[in-house]
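**Q** Before anything else, here's the structure in question.
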């Protein structure tokens, strides 16, 4: 077993240090990128640690520990040699690393992809083609395959149709080609044909094809905004596909707080992640807050959906005292919902020590990072014992976060944790400790300087040498 920032890496034989060093370095890099980006979260999938974010409505997963096993020669987890350990909506995607004489470490492939997607939308041209086609299909038109039947249909339409009535007749003769012909119509050349088809699609309501509904709505938005706005609320019902609901929700413009409540509030009772999108629209109207708070509390109490429940509880905690409810539900929460609660709820007051102490044994470092973040901001109790425990057993990135916030503690407590940081097994933690030493008076840090000047890391020694010179401590 090999300890890493993402937990235990199980391998039959202990690999040589020369093989493990780049793997550990790559995993540390992944952890730093996750902590720096609000887009990524740490979860579990396929029985292992997974890094997850949402991209264009799809869930992108990266598997750092599986990549580490690939680097150790273990390819029994669904990904071949030189393939990125990645999945979209739970399905593996074939992404091959650069064709070089010496293949890149699989962990570095994961870290590179993680860094690429650490912005809301990376430059599409830099996204690997197989990922690009699945995450951004609308932007990959040039990459689509050639379909002779489609091309022949378009050519026949353009050659035979010169009038509006001819367009209608052509479509009537070839109903199976409607998905292709639909995009050949224009309001300038075929106004009657388009209007007939738009009304036909609207009359079918939720039984219409989803793509047809979106096409009809787009056409109506270009012709008559008033009619378009009036129609959108009818497409927010649960009988429609999520893509239709999201479209209607994103384009509807409420005219007042009363109008927003009338249109959106009824849909929050559906108790799923779409319901929270309607809640978000209501939150935009501050005058609705007095009625939104009790409504949300009622929905939370009836909710059977963990995602909606964790979001509602986090939001409610900023508007009323939810101490007892948070203490009640936290022990049974899955990691994904626990993480959301810890990073988004209003957690402050002496009671949070009771909340956080049991979480010291949580296996995921992101929970520990949240503990440090919460106790850095909250001043109602001394976090020293919590931080000391995390310095003893948490990940390097969590230890680094503690080193960066030692001013939260008294000097004797900070020096005790600083000594643990100087002696950390992770070089980047030692470097953070070295940077923090200069905050403290010289006599009390003398033994730490001596220890730091003996570090195996050139970078750590250089930081200690600068501090020592600034304080007048002799440098060997």
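Residue numbers (the working numbering): 405 to 880. Ideal Cβ positions, reconstructed from N, Cα and C, are used throughout, including at glycine. Just so you know, these numbers come straight off a predicted model, no measurement behind them.
Run through the stretch 607–672 for me and flag every whole alpha helix (DSSP H) of 4 or more residues, listed as ranges in chain order.
**A** Segments of the alpha helix (DSSP H) lying fully in the stretch 607–672: 614–627, 629–635, 646–655, 661–668.
**Q** Tell whether a beta-carbon distance below 8 Å holds between residue 488 and residue 410.
**A** In the chain shown, counting from the first residue as 1, residue 488 sits at position 84. In the chain shown, counting from the first residue as 1, residue 410 sits at position 6. No; because the gap between Cβ atoms is not below 8 Å, this pair is not in contact.
**Q** Which term fits residue 600, buried or exposed, when burial requires 16 or more other beta carbons within 10 angstroms of its beta carbon?
**A** Counted from its first residue, the chain shown places residue 600 at position 196. Counting Cβ neighbours within 10 Å, residue 600 comes out exposed, since fewer than 16 surround it.
**Q** Have a look at residue 789 and residue 479 and give me their C-alpha separation to the nearest angstrom.
**A** The residue labelled residue 789 in the question sits at position 385 within the chain shown. The residue labelled residue 479 in the question sits at position 75 within the chain shown. Straight-line Cα distance between these residues: approximately 42 Å.
**Q** With a threshold of 16 other CB atoms inside 10 Å of the CB of residue 800, please say whether the residue is buried or exposed.
**A** Numbered from its first residue, the chain shown carries residue 800 at position 396. Answer is buried; the Cβ neighbour count reaches 16.
**Q** Of all the options 662, 851, 719, which has the alpha carbon lying nearest to the alpha carbon of residue 819?
**A** Indexing the chain shown from 1 puts residue 819 at position 415. For the residues 662, 851, 719, the minimum Cα distance to residue 819 belongs to 851.
**Q** Alpha carbon to alpha carbon, how far is residue 854 from residue 385? Give it in angstroms, no decimals.
**A** Residue 385 cannot be examined here, being either before or after the span of the chain that is shown, 405 to 880.
**Q** Reducing DSSP to helix, strand and coil, say where residue 531 ends up.
**A** Here residue 531 is taken as the residue at index 127 of the chain shown, counted from 1. Residue state, collapsed to three classes: coil.
**Q** Based on DSSP bridge pairs, tell me the residues matched to residue 448.
**A** The sequence position of residue 448 within the chain shown is 44, counting from 1. In DSSP, residue 448 forms a bridge with 453.
**Q** Report the start-end ranges of each beta strand (DSSP E) in the stretch 560–585 that is 3 residues or longer and not cut off at the edges.
**A** With a minimum length of 3 residues, no continuous beta strand (DSSP E) run stays inside the stretch 560–585.
**Q** Among 660, 834, 492, which residue has its Cα nearest to the Cα of residue 539?
**A** Here residue 539 refers to the residue found at position 135 when the chain shown is read from its first residue. For the residues 660, 834, 492, the minimum Cα distance to residue 539 belongs to 492.
**Q** Among 682, 581, 445, which has the Cα closest to the Cα of residue 740?
**A** For the purposes of this step, residue 740 is taken as residue 336 along the chain shown, with counting starting at 1. The option with the nearest alpha carbon to residue 740 is 445.
**Q** With a cut-off of 8 Å on the beta carbons, I'd call residue 647 and residue 614 a contact; round off their distance for me.
**A** Translated into positions along the chain shown, residue 647 becomes position 243. Translated into positions along the chain shown, residue 614 becomes position 210. Between residue 614 and residue 647 the Cβ distance is about 6 Å, and since that is below 8 Å, they are a contact.
**Q** Thinking just about the alpha-carbon of each residue, which of 585, 481, 760, 420 is nearest to the one in residue 553?
**A** For the purposes of this step, residue 553 is taken as the residue at position 149 of the chain shown. For the residues 585, 481, 760, 420, the minimum Cα distance to residue 553 belongs to 585.
**Q** I need the boundaries of the beta strand (DSSP E) containing residue 832, first residue and last residue.
**A** Walking along the chain shown from the start, residue 832 turns up at place 428. That residue, residue 832, is in no beta strand (DSSP E); its alpha helix (DSSP H) goes 831–841.
**Q** According to DSSP, which residues form a beta bridge with residue 411?
**A** If you number the chain shown from 1, residue 411 lands on position 7. Bridge partners of residue 411: 408.
**Q** Give me, in chain order, the residues of the same chain whose beta-carbon lies closer than 7 Å to that of residue 431; leave out the 5 immediate sequence neighbours on both sides.
**A** Taking the chain shown and counting its residues from 1, the one referred to as residue 431 is at position 27. 408, 409, 410, 468, 472, 511.
**Q** Residue 745 and residue 718 look like a contact to me (Cβ under 8 Å); what is the Cβ gap, rounded to whole Å?
**A** Taking the first residue of the chain shown as position 1, residue 745 is located at position 341. Taking the first residue of the chain shown as position 1, residue 718 is located at position 314. About 6 Å; that satisfies the 8 Å criterion.
**Q** For the stretch 661–672 against the stretch 680–693, are there 3 or more C-beta pairs whose distance is under 8 Å?
**A** With the cut-off at 8 Å, the stretch 661–672 and the stretch 680–693 touch.
**Q** Return the chain-ordered list of same chain residues with a C-beta closer than 6 Å to the C-beta of residue 809, the five sequence neighbours on each side being excluded.
**A** Residue numbering aside, residue 809 sits at position 405 when the chain shown is read from its first letter. Cβ within range, chain order: 780.
**Q** Classify residue 624: buried if its beta carbon has 16 or more other beta carbons within 10 angstroms, exposed otherwise.
**A** Numbered from its first residue, the chain shown carries residue 624 at position 220. Classification of residue 624: buried, given that the 10 Å Cβ count is 16 or more.
**Q** Give every residue of the same chain whose Cβ lies closer than 6 Å to the Cβ of residue 616, excluding the five residues on either side of it in the sequence, and list them in chain order.
**A** Along the chain shown, read from residue 1 onward, the residue named residue 616 stands at position 212. For residue 616, where only same-chain residues beyond five positions count, the Cβ hits under 6 Å are 605.
**Q** Are residue 734 and residue 693 closer than 8 Å when you measure CB to CB?
**A** The residue you call residue 734 lines up with position 330 of the chain shown. The residue you call residue 693 lines up with position 289 of the chain shown. Taking 8 Å as the Cβ cut-off, residue 734 and residue 693 do not qualify as a contacting pair.
**Q** In whole angstroms, give me the CA-to-CA distance for residue 724 and residue 700.
**A** The residue given as residue 724 occupies position 320 in the chain shown. The residue given as residue 700 occupies position 296 in the chain shown. Taking the straight line joining both Cα atoms gives about 12 Å.
**Q** Under 6 Å Cβ to Cβ from residue 520, same chain only, skipping five residues before and after it: list those, please.
**A** The count along the chain shown starts at 1 and reaches residue 520 at position 116. So the qualifying residues of the chain are 526.
**Q** Express the C-alpha separation of residue 424 and residue 666 in angstroms, rounding to a whole number.
**A** Working through the chain shown from its first residue, we reach residue 666 at position 262. Working through the chain shown from its first residue, we reach residue 424 at position 20. Residue 666 and residue 424: Cα-Cα distance of roughly 60 Å.
**Q** Quick check: residue 589 and residue 612, are their CB atoms within less than 8 Å of each other?
**A** Here residue 589 corresponds to residue number 185 of the chain shown, with the count starting at 1. Here residue 612 corresponds to residue number 208 of the chain shown, with the count starting at 1. In this structure, residue 612 does not lie closer than 8 Å to residue 589 by Cβ.
**Q** Given a threshold of 16 other Cβ atoms within 10 Å of its Cβ, counted over all protein chains shown, does residue 872 qualify as buried or as exposed?
**A** For the purposes of this step, residue 872 is taken as residue 468 along the chain shown, with counting starting at 1. Label assigned to residue 872: buried.
**Q** May I have a chain-ordered list of the alpha helix (DSSP H) segments no shorter than 4 residues that lie completely inside the stretch 458–537?
**A** Entirely contained in the stretch 458–537, the alpha helix (DSSP H) runs reaching 4 residues are, in chain order, 468–475, 510–520.
**Q** Name the residue from 657, 515, 711 whose alpha carbon lies nearest to the alpha carbon of residue 689.
**A** As a first step, residue 689 is located in the chain shown; it is residue number 285 there, counting from the start. Of the listed residues, the one whose Cα sits closest to residue 689 is 657.
**Q** For the candidate residues 721, 753, 827, 583, whose alpha-carbon lies nearest to that of residue 785?
**A** In the chain shown, residue 785 corresponds to position 381, counting from 1. Checked all of 721, 753, 827, 583; the closest Cα to residue 785 is 753.
**Q** In angstroms, rounded to a whole number, what distance separates the CA positions of residue 441 and residue 783?
**A** Here residue 441 is taken as the residue at index 37 of the chain shown, counted from 1. Here residue 783 is taken as the residue at index 379 of the chain shown, counted from 1. If you take the alpha carbons of residue 441 and residue 783, they lie about 26 Å apart.
**Q** Tell me the rounded alpha-carbon separation between residue 840 and residue 514.
**A** Position 436 of the chain shown, counted from the first residue, corresponds to residue 840. Position 110 of the chain shown, counted from the first residue, corresponds to residue 514. The straight-line gap from Cα to Cα measures roughly 31 Å.
**Q** Can residue 406 and residue 415 be called in contact, C-beta distance under 8 Å?
**A** In the chain shown, counting from the first residue as 1, residue 406 sits at position 2. In the chain shown, counting from the first residue as 1, residue 415 sits at position 11. Yes, the pair counts as a contact, with Cβ atoms nearer than the cut-off.
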